[in-house]
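Report on the structure given below.
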Ligand SMILES: [Zn+2]
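Residue numbers (the numbering used here): 235 to 418.
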């Protein structure tokens with residue numbers, strides 16, 4: 235009787251990375267955005283046939299939308315670029331979500347100011363040349379996630395700064411409401 239466990243071990247070591255579908259969140263350190271953004275990714279970005287576990291790499295900084303827009307001295311965008319390289323090159327993430335949010339202690343500005351910074355940040359991330367798709371989203375006071383800009387490599391490489399650009403979803407409603415009270 236063959237008692238070796240080798241044949242049982244080998245399959246576990248194969249293709250471990252393929253069991254995860256990585257996404258990259260480039261957002262504020264503020265914990266209030268975590269759940270709505272996770273829901274947004276799962277409900278609006280991940281294709282319905284996806285069987286792999288969703289793994290969200292988090293590149294976080296206070297008011298990161300201002301940092302990547304060049305409007306904050308808190309940190310250099312270069313540091314976040316290096317983090318993004320790990321996510322894209324080592325984890326194979328192809329989609330980045332750039333997040334700005336209302337009532338941000340790290341970037342004190344109006345909602346409109348955030349949206350401008352999100353668009354500028356998307357441009358910065360696009361220039362890194364790491365992701366096939368970049369979605370700029372704003373999380374409002376009620377923690378609703380709204381797409382404010384989107385870049386896709388397949389649309390001639392042009393970042394679109396107009397609102398209401400649908401993300402690859404089945405319905406045409408670009409507003410995504412994540413109700414913290416009912417979220418799991
Ligand atoms: Zn913030």
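The C-beta atom is built at its ideal place from N, Cα and C for all residues, glycine as well.
In terms of CA proximity to residue 337, 374 leads the group 286, 374, 255, 273. Judged by the Cβ position, residue 341 qualifies as a neighbour of ligand 1 at the 7 Å threshold, a heavy atom of the ligand being closer than this. Excluding the 5 residues flanking it on each side, residue 328 has same chain C-beta neighbours closer than 7 Å at 365, 366, 367, in chain order. If you look at residue 287, you'll find it in the beta strand (DSSP E) that goes 287 to 295. Taking 8 Å as the cut-off, the Cβ atoms of residue 298 and residue 261 count as close. Straight-line measurement puts the Cα of residue 300 at about 9 Å from the Cα of residue 350. Bounds of the beta strand (DSSP E) holding residue 383 are 378 to 386. Here residue 330 carries a strand assignment [DSSP, helix/strand/coil].
Under the three-state reduction of DSSP output, residue 298 falls in the helix class. Secondary structure at residue 265: helix, using DSSP grouped into helix, strand and coil. With a threshold of 7 Å, the Cβ atom of residue 335 counts as near ligand 1, since some heavy atom of the ligand is closer than that. Of the heavy atoms belonging to ligand 1, none sits nearer than 7 Å to the Cβ of residue 374. With a cutoff of 8 Å on beta-carbon distance, residue 258 and residue 318 are scored as near each other. Note on geometry: alpha-carbon atoms of residue 286 and residue 360 lie some 26 Å from one another.
Residues 311, 355, 358 of the same chain have their beta carbon placed closer than 6 Å to that of residue 302, with the five preceding and five following residues left out of the count.
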